Structure formats: C-alpha cells, structure tokens
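Here is the structure we will look at.
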Amino acid sequence: MGLQLRTQTFSSFLGRNLRNLKVHLSDATVGILRDKGNVYTPAQTLSLEPAVSDRTSSYSPILLQKALLCTGHRIIMASSFARILSSKRNVGLLSLVGAGSLSVGFYLNREHVSAKLQDRRRYPASADYPDLRKHNNCMSSHLTPALYAKLCDKATPNGFTLDQAIQTGVDNPGHPFIKTVGMVAGDEESYEVFADIFDPVITERHNGYDPRTMKHPTDLDSKKIRGGIFDEKFVLSSRVRTGRSIRGLSLPPACTRAERREVERVVVNALAGLQDTLTGRYYSLTEMTEQEQQQLIDDHFLFDKPVSPLLTCAGMARDWPDARGIWHNNEKTFLVWVNEEDHTRVISMEKGGNMKRVFERFCKGLKEVERLIQEKGWEFMWNEHLGYILTCPSNLGTGLRAGVHINLPRLSKDPRFPKILDNLRLQKRGTGGVDTAAVGSTFDISNLDRLGQSEVQLVQTVIDGVNYLIECEKKLEKGQDIKIPDPIGQRK
Numbered sequence: 001m002g003l004q005l006r007t008q009t010f011s012s013f014l015g016r017n018l019r020n021l022k023v024h025l026s027d028a029t030v031g032i033l034r035d036k037g038n039v040y041t042p043a044q045t046l047s048l049e050p051a052v053s054d055r056t057s058s059y060s061p062i063l064l065q066k067a068l069l070c071t072g073h074r075i076i077m078a079s080s081f082a083r084i085l086s087s088k089r090n091v092g093l094l095s096l097v098g099a100g101s102l103s104v105g106f107y108l109n110r111e112h113v114s115a116k117l118q119d120r121r122r123y124p125a126s127a128d129y130p131d132l133r134k135h136n137n138c139m140s141s142h143l144t145p146a147l148y149a150k151l152c153d154k155a156t157p158n159g160f161t162l163d164q165a166i167q168t169g170v171d172n173p174g175h176p177f178i179k180t181v182g183m184v185a186g187d188e189e190s191y192e193v194f195a196d197i198f199d200p201v202i203t204e205r206h207n208g209y210d211p212r213t214m215k216h217p218t219d220l221d222s223k224k225i226r227g228g229i230f231d232e233k234f235v236l237s238s239r240v241r242t243g244r245s246i247r248g249l250s251l252p253p254a255c256t257r258a259e260r261r262e263v264e265r266v267v268v269n270a271l272a273g274l275q276d277t278l279t280g281r282y283y284s285l286t287e288m289t290e291q292e293q294q295q296l297i298d299d300h301f302l303f304d305k306p307v308s309p310l311l312t313c314a315g316m317a318r319d320w321p322d323a324r325g326i327w328h329n330n331e332k333t334f335l336v337w338v339n340e341e342d343h344t345r346v347i348s349m350e351k352g353g354n355m356k357r358v359f360e361r362f363c364k365g366l367k368e369v370e371r372l373i374q375e376k377g378w379e380f381m382w383n384e385h386l387g388y389i390l391t392c393p394s395n396l397g398t399g400l401r402a403g404v405h406i407n408l409p410r411l412s413k414d415p416r417f418p419k420i421l422d423n424l425r426l427q428k429r430g431t432g433g434v435d436t437a438a439v440g441s442t443f444d445i446s447n448l449d450r451l452g453q454s455e456v457q458l459v460q461t462v463i464d465g466v467n468y469l470i471e472c473e474k475k476l477e478k479g480q481d482i483k484i485p486d487p488i489g490q491r492k
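Start counting the sequence shown at 1; every next residue gets the next number (our numbering).
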C-alpha cells in the first residue's frame, strides 16, 4: 500500500547537506534519494508507491529536513542522529540505511515530543501561564493565555520548549532604554515550532515584516555604497557586525557543552584558512590571563562575561568561559567572536569615520568565512523568509548592525533628538553596549532594522542618517534651527 506523506516545515537537520542518500522504504520508514534542494510547503502532500519488491525507494526528492506525517503518525529524527547527519562528511557513512538502522535515528510517535511534556504536566496550562501584567516587551504583548495553552506542550526535536524561549522576557519585564523582544530561539526549529508567537514578535520588531509571506534580500556588494566617510570631529569609530549560526547545532540558550565545543572547533578550523590582510589567530578565553582579557575588553575588541539579565536569564552564560574566544586579524580590524550570544559574531571595525572601508572589509571577510565554513562541510542557518537565523529575533535577516561612536554635545540635549532617530530608523545606546547609558554626549548610533532590507540598504541608511545628525549638530553650533526629517519610506 502506498504511503501518504504530508510535509511540514521542520527546519534543517540536514540543511542542504544530503546528496545521494539512499535508504529502504518500509511501512514505517521514509525513503529518501537524491535531495536536489527542493523545499516543500506545509500544504503539499506526496504519494509514494514502492518501486520494487524489496521496497527500495527510487523517489526524488524528499527532504529529511521536514517532519512527515505517515499514515497518521509523526516521524521525527532523534537529535543525536540528526546531528550526525548534519555534517556532509558523515553522509558517506550512511549511504545505505535499512529500516532497522533507521529505528535508531527516528522515533515514531503519535503525539511527537509533546507527549513527554504532557506526561510531566500536572497542572493545566492556565495555572502555568506567566504573570505578564507589568511587562513591556514584544513577547508579553502577544502571548495570550490561549496561545500559551496551544504552545506550552510543544518542543523542538532538540527538546527546546516555549517556557525556555520566553523565560528571559518573563524575568525581565522591561528595559530602561529599548523595548526588548523578550524571547530567544534555542535552535533553528524554534522559529517553526513556535511560529504562532515568534511571527507576531518578528512583525512588531521588524517594522511590519511578515515572515510568512515576505522574502529577505541579501546584498554584500560594497561597491554600491554612496559616501561613507564621516567628519572625524564627530565620529570617533566605525564598525559593522553580524552574526552567523552553524546549521545542525543548537543555539547558545540550549546548546550542550559538546555542541558549544563543536562550534568552536568548526569555526576555528575554518578561520585558519583566512589569508592576506585577514590573516590572524584565535585566542581562547580559557587560555587568556585576566589582564589580557581586560585589555581586549577595554579596547572594545572582546566581549565580557554576560552580566545583563537579558542574556543570563536566557542561559547564555552557562559554563563560562568554556569554548568561548576571539579571533582577530593582525591589525585587529576584522574579528570573530565565538560562542557569545550567537555561535559567531563577525566584526569589521576601526577608529575614525571611514565607514565605507569598514564595510568593504566586512563584506570581503564575511564571504571568505562562509566559503571556508562550507569547505569544511558545514553551512550557516538560513531561509528565504527569515534570512540568517540567530538567537534573538531582533537579529534575524542580515543580523547586521552598522554603527558609529559619535559625539553630539548639542543635539543630544535637544528634545527632538529621539524623534529624529526614530524617523531615520536609527537607535542609540551607550558605547559600552545595550545595557549602558551614554557617557557625556557620546553615543553608539546604529541601524534599527535588520530584516527585510539588505546589508547594502542598511549601511546606506546609517551613512545617510549619521550625515544628517552631523549636519544638525553643526547647525546647532551656529545657533541655527534644525528640523525633524520625514520618516524613511515617506520621503519624496
């Protein structure tokens, strides 16, 4: 009898890594042969009939990266087996897998992972619903008791739950400087399993972006940038950073020690291949002296142990400093942080106001890092709707933050300053990070958006916006009036 298989978005255990994987098809297993990169939507249904008497499947393509409903049962991949397959180098070991072997890697369970959660739940969902009455973050704005009841018994294949995702937002009702997201992802699958809460949060945080229908653009062509060299009387330093996650490994809020160490191994091995002006070395936090660490922190090169409750409540400081470190080139203008808030943070920076050169180095270095990661048989988490997948929904898409440290002694005291920033789609923070206030009149000014616009578009927004801020500061110096600009998107 043929099997009716309904595909459901389930993320990328295997990503685009499977090629020519042949397995046997029985009544309780799924045959996969030759993944050609096709992606199925939740509405599609596939019908299979055994091709030959021994039930060896010759159908193409069906992705292991989907959860399949098989005659009313849900087939899911055990996380340990999934991670074995997530690397290209291991696929060759599994060129032929029979039904018996598959039983090691798959669970056939009518209730999916939620059955285990339901068995442990002694109280109704209403009794577990968090008290959000005094909260002001994106999660609390959208998580209703009904939605909590719908999602609280679900989990990703790695076991990440809704309660883990929202804990940081529950523990941190508000923030003195910004409206925070209030939730994190524990793995790539989180954004699908808990889409009912992540999607509205993403839409609010990313200026109306619809993650179900809209597609995210990527553009790392630095030649398209106009201008980008600021007056250094005002701009003290420039930087562009992004994050990238290794597909097949859990994100920092949920990763095991072994996974975190695997991230470090994969990234460090790849970075060893950087050459020319990008040549550098890796410094493990476990091998640094306290003096070396503090000097790098003071120079704004290295991240410190997370003390922000936004991060610690999300589990990102666990096992510190195990498997954390920094890679930088010899000039300390191109850096990669390993296992901070994300698997990696890729940074281009220098003193002064040459944002154009900083972005050129950023694009060149990021492309090289991705190429080297792929050469090692890995790839970054990405999909066409969310762009690059990162821990915090605020960083989805480009993951890019282009910023300057800028001194605005007059404009910063003007009551119109916050509105000017809003209309320019810029945000301000202290030079010490998101949890710090400005020192004097010096601020870290960066792009507000991440998702729905390309890297080139966002950097150009920062360049144009910073030039406007400098223009305002100069006018105020001369005693002239300034105007609040029209919101971006409404200009003619």
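Heads up, the beta-carbon is just placed ideally off N, CA and C, and yes, glycines get one too. It should be emphasised that the depicted structure is a prediction, and the values quoted were computed from it without experimental measurement.
Quiz item: With a Cβ-Cβ cutoff of 7 Å, do G182 and G169 count as a contact?
Solution: yes
Exercise. Look at the alpha carbon of E539 and the alpha carbon of L448, and state the distance between them as a whole number of angstroms.
Key: The chain is shown only over 1 to 492; residue 539 falls outside these bounds and no answer can be derived.
Exercise. Would you mind listing the alpha helix (DSSP H) stretches within the stretch 292–361 that are 4+ residues and don't spill past its ends, in chain order?
Key: If we require 4 residues or more, the alpha helix (DSSP H) runs fully inside the stretch 292–361 come out as 309–312.
Self-check item: 7 Å Cβ cutoff met for R281 and A323
Solution: no
Exercise. Please report the residue range of the beta strand (DSSP E) in which G169 lies.
Key: Here G169 belongs to no beta strand (DSSP E); instead the alpha helix (DSSP H) covers L162 to D171.
Quiz item: Quick one: is A314 buried, meaning 16 or more other Cβ sit within 10 Å of its Cβ, or exposed?
Solution: buried
Quiz item: Tell me which same chain residues have a C-beta within less than 6 Å of the C-beta of L278, skipping the five on either side of it?
Solution: N329, F334 and G365
Self-check item: Residue range of the beta strand (DSSP E) that includes H405
Solution: R401 to N407
Self-check item: Straight-line Cα distance separating Q167 from E259
Solution: Looking at the backbone, the Cα of E259 and that of Q167 are separated by about 22 Å.
Quiz item: Residue range of the beta strand (DSSP E) that V235 falls in?
Solution: V235 to R244
Self-check item: Residue(s) in a DSSP beta bridge with G397
Solution: G387 and Y388
Practice problem: Find the nearest neighbour of F123 within the set R133, G159 and A149, judged by alpha-carbon distance. | Solution: Here residue 123 is Tyr; the residue named in the question, Phe, does not match the sequence. Of the candidates R133, G159 and A149, the one whose C-alpha sits nearest the C-alpha of Y123 is A149.
Quiz item: Looking at the unbroken alpha helix (DSSP H) that takes in F443, where does it start and where does it end?
Solution: Per DSSP, F443 belongs to no alpha helix (DSSP H); it is in the beta strand (DSSP E), T442 to N447.
Self-check item: Extent of the continuous alpha helix (DSSP H) run through Q460
Solution: E455 to E477
Practice problem: Excluding the 5 residues preceding and the 5 following H504 in the sequence, name in chain order all residues of the same chain whose CB lies nearer than 6 Å to its CB. | Solution: Outside the modelled stretch of the chain, which goes from 1 to 492, sits residue 504, for which no answer is possible.
Quiz item: From G159 to E287, what distance separates their C-alpha atoms?
Solution: 32 Å
Practice problem: Helix, strand or coil for R281, going by three-state DSSP, please let me know. | Solution: strand
Quiz prompt | Between the CA atoms of D486 and A270 - distance to the nearest angstrom | solution = 45 Å
Quiz prompt | Assumed close pair P445, G227 - CB separation to whole angstroms, cut-off 8 Å | solution = For clarity, residue 445 is Ile in the given sequence; the question names Pro instead. Contact doesn't hold; Cβ gap of about 16 Å is too wide.
Quiz item: Where does P418 land, buried or exposed, given buried means 16+ other C-beta within 10 angstroms?
Solution: exposed
Exercise. Apply the 10 Å Cβ neighbour rule to E379 and answer buried if 16 or more other Cβ atoms are within range, or exposed otherwise.
Key: buried
Quiz prompt | DSSP beta-bridge partners of F380 | solution = I246
Quiz prompt | Nonlocal neighbours in the same chain, by C-beta distance under 6 Å from G273, ignoring five residues either side | solution = Excluding positions up to five away in sequence, the list reads L372.
Self-check item: Proximity of D342 and T391 at Cβ, strictly below 7 Å
Solution: yes
Practice problem: Would you check if the distance between the CB atom of G243 and the CB atom of G397 is smaller than 7 Å? | Solution: Cβ atoms of G243 and G397: not closer than 7 Å.
Quiz prompt | L25 in three-state terms, based on DSSP | solution = At L25, the pLDDT of 33 sits below 50, so the modelled position is not reliable and the matter cannot be decided from this model.
Quiz item: Can the beta-carbon of T442 be found closer than 7 Å to that of N407?
Solution: yes
Quiz item: Can you round the beta-carbon distance between H385 and P217 to whole angstroms, since I take them to be within the 8 Å contact cut?
Solution: Actually they do not touch by this definition, with Cβ atoms about 11 Å apart.
Quiz item: Looking only at its own chain, which residues have a Cβ that is under 6 Å from the Cβ of E204, when we skip the five neighbours before and after it?
Solution: If we look at E204 and ignore the five residues flanking it on each side, its Cβ neighbours are C138.
Quiz item: Roughly how far, in whole angstroms, is the beta-carbon of A254 from the beta-carbon of G186, given that I think they are within contact range, below 8 Å?
Solution: Contact flag correct, Cβ pair sits at about 3 Å.
Quiz item: By DSSP, does H229 sit in helix, in strand, or in coil?
Solution: First, the residue type needs correcting, since residue 229 is Ile and not His in the sequence shown. If DSSP states are grouped into helix, strand and coil, I229 belongs with the strands.
Self-check item: Rounded separation between Q457 and W382 - CA only
Solution: About 19 Å.
Quiz item: How long is the line joining the alpha carbons of I416 and L424, rounded to whole angstroms?
Solution: The sequence given here has Arg at residue 416, not Ile. So the two alpha carbons sit approximately 12 Å from each other.
Quiz prompt | T213 classed as buried or exposed, judged by whether at least 16 other C-beta atoms fall within 10 angstroms | solution = exposed
Quiz prompt | Closer than 6 Å: M288 CB and nearest the ligand GDP heavy atom | solution = As for the ligand GDP, it is missing from this structure, which has no ligand bound.
Self-check item: Cross-strand partners of A155 (DSSP beta bridge)
Solution: T161
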